[in-house]
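Numbering (this note's numbering), first residue to last: 215 to 786.
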């Protein structure tokens, strides 16, 4: 991880002037805005953007489109943030591929076509049908052991017997593996067999379609071949994914990200796109971002979180009435992607401004806990997870799977409120209005529901900052909010926080904290079992819930399960 102060000069001393260049045509920018703002999902936007670039790679217009994206992003335009996020989006192989097999739709269609057919199945199809029958039995047995039912009624299309059970089991495995839960060897075998069944069915249907098309109908061939080629590529990738899962390489399959662009464009097309970016000096900022995201990928939600913190720090350093140029989205993203490692960003603060930066950040942290309606833009964004340590500015980034709400335009823009605070904005605005109407001499009673919601959001917004969280847990007003300590125990990944919650009785007893003991036992954080042992008792958790925990071998640590089993044996 780089920590040199020189590489962060834009943050400490103001953004550098970019080389002069011709602005893209207004009609092109309007087209890009229409594309970006008319597509709600970043995945769909990425597909649309890269498909447009693919068509223009052989002409000079691809460079114009890229200039348009860069210009909009530099200007803080919402469309620019959305397009930049689509270009930088990364995805793990499983996150991209498993949605294609979750519904088991190809298997069901092949099964239905087999029911309607009169011919005897060939050896390959008969083998597939035999495997389907065996998987039905294994999935039914799994449901019987767990006392579960299919997610939906068997009367609904697509959920009839046996597909309701097969779909439910497949979805359950995908969700658990994606969340990082460990799958036992038997479960891995069942999971890979289910995915392989669906992949084989998909391949059979593609082969059937390719075998029935009339090769003399040029128009049909022209339309169909790209679709079949793409499906064949997806099937190859799925078989590789099945191999990874079958070998137990879940981390590589589920958490090792790569650019989504590589899944949309062919290898030669992506090389041409890179060449287009690197040969144009005016596109150097965008080219650098794409290269950094390839070398050290970071999910867009974590990139947005870190970029917002850096832009907020830049605003603080600028000061009131400052004439230095603000840190824009491109520079903030470059700093994050160029310096992040092991879940955090560290930037060396120049020695000559270290005291000033430390003081300004300490004063700004007080802003996050002030009562009142936050401003849009960097001036109103919270600074949770930002601190000065050993002369470095450290920003703790969200972990994979963190449920932070997304930014409205995927990456932060000056018009946005921080999404962590957006949900309580109406209540905060009402509180400000009530205070103004009451006048200076009249004291306004705070709305209890609003205050509780605002405080809970404040704590969770700073969950990455251990010091702040521990401070909040010492405040009776915070710990008295029902469910707040439980939410902290569920979301924190810091052992110290779990230890404090376990040792301090006020944090795990009483009506407001009735779910805390269960949350501590479920936490994946590596805390000593000696500390958690007190919670393995019926005065904290019912016997029924303890039995359920002992059976959850995927979501609970092994040593915790052993302690629960020992305690249950003493109950008889």
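Glycine is no exception: its CB is placed at the ideal position from the N, C-alpha and C atoms.
Specify the secondary structure class of residue i as computed by DSSP and reduced to three states.
| i | result |
| --- | --- |
| residue 559 | strand |
| residue 741 | coil |
| residue 750 | coil |
| residue 550 | helix |
| residue 417 | helix |
| residue 714 | helix |
| residue 602 | strand |
| residue 375 | coil |
| residue 409 | helix |
| residue 611 | coil |
| residue 315 | coil |
| residue 659 | In this prediction, residue 659 scores a pLDDT of 47, lower than 50, which makes its location untrustworthy; no coordinate-derived value is stated. |
| residue 584 | For residue 584, the predicted model reports a pLDDT of 43, less than 50, meaning its position is unreliable; a value from the coordinates is still stated below. Three-state result, residue 584: coil. |
| residue 590 | coil |
Which one of the options has the shortest CA to CA distance from residue i?
| i | options | result |
| --- | --- | --- |
| residue 755 | 598, 243, 624, 736 | 736 |
| residue 517 | 374, 554, 243, 406 | 554 |
| residue 744 | 323, 549, 717, 404 | 717 |
| residue 400 | 355, 778, 531 | 355 |
| residue 781 | 752, 766, 626, 477 | 752 |
| residue 557 | 511, 319, 351 | 511 |
| residue 573 | 259, 312, 602 | 602 |
| residue 763 | 226, 731, 784, 265 | 731 |
| residue 476 | 268, 720, 769 | 268 |
| residue 376 | 413, 418, 559, 322 | 322 |
| residue 563 | 576, 496, 607, 319 | 607 |
| residue 359 | 765, 784, 779 | 765 |
| residue 351 | 370, 379, 367, 337 | 379 |
| residue 407 | 598, 261, 347 | 347 |
| residue 719 | 690, 249, 706 | 690 |
| residue 702 | 688, 673, 508, 368 | 673 |
| residue 341 | 741, 499, 418 | 418 |
| residue 363 | 349, 386, 371 | 386 |
| residue 576 | 599, 565, 474 | 599 |
| residue 612 | 670, 694, 706, 630 | 706 |
Given a cut-off of 9 Å on the beta-carbon distance, is the pair residue i and residue j in contact?
| i | j | result |
| --- | --- | --- |
| residue 699 | residue 677 | no |
| residue 504 | residue 271 | no |
| residue 729 | residue 609 | no |
| residue 296 | residue 623 | yes |
| residue 324 | residue 448 | no |
| residue 545 | residue 594 | no |
| residue 549 | residue 561 | yes |
| residue 402 | residue 462 | yes |
| residue 382 | residue 405 | no |
| residue 416 | residue 353 | no |
| residue 559 | residue 579 | no |
| residue 592 | residue 522 | yes |
| residue 298 | residue 543 | yes |
| residue 474 | residue 240 | no |
| residue 779 | residue 746 | no |
| residue 465 | residue 768 | no |
| residue 552 | residue 506 | yes |
| residue 445 | residue 308 | no |
Once the 5 residues before and after residue i are set aside, which same chain residues still bring their CB inside 7 Å of it?
| i | result |
| --- | --- |
| residue 772 | none |
| residue 238 | 278, 281, 282, 285 |
| residue 471 | 304, 305, 306, 511, 513 |
| residue 568 | 605 |
| residue 388 | 312, 316 |
| residue 479 | 264, 268, 487 |
Once you ignore the five residues that flank residue i on each side, which residues in its own chain have a CB closer than 6 Å to its CB?
| i | result |
| --- | --- |
| residue 696 | 726 |
| residue 775 | 764 |
| residue 202 | Shown here, the chain extends from 215 to 786; a query on residue 202 therefore has no answer. |
| residue 292 | 623, 627 |
Got a sec? Which residues, its chain only, sit under 8 Å from residue i by beta carbon, not counting five neighbours each side?
| i | result |
| --- | --- |
| residue 328 | 335, 339, 343 |
| residue 704 | 733, 736, 737 |
| residue 442 | 420, 423, 424 |
| residue 409 | 312, 315, 384, 452, 455, 456, 459 |
| residue 684 | 710, 711, 714 |
| residue 571 | 226, 531, 563, 602, 607 |
Let me check you understand the geometry: is the CB of residue i closer than 8 Å to at least one non-hydrogen atom of the ligand PLP?
| i | result |
| --- | --- |
| residue 777 | Within the structure as shown, the ligand PLP is missing, as the structure has no ligands at all. |
Residue ranges of each alpha helix (DSSP H) within the region 440-515, 4 or longer: 464-468, 475-478, 481-492, 498-509
Sequence ranges, alpha helix (DSSP H) only - wholly within the region 755-784, length at least 4: 757-765
Ordered list of alpha helix (DSSP H) runs contained in the region 345-403, each at least 4 residues: Taken in chain order, the whole alpha helix (DSSP H) runs of length 4 or more contained in the region 345-403 are 377-392.
Ranges of the alpha helix (DSSP H) found wholly within the region 237-290, counting only runs of at least 4: You should have 240-251, 256-270, 275-288.
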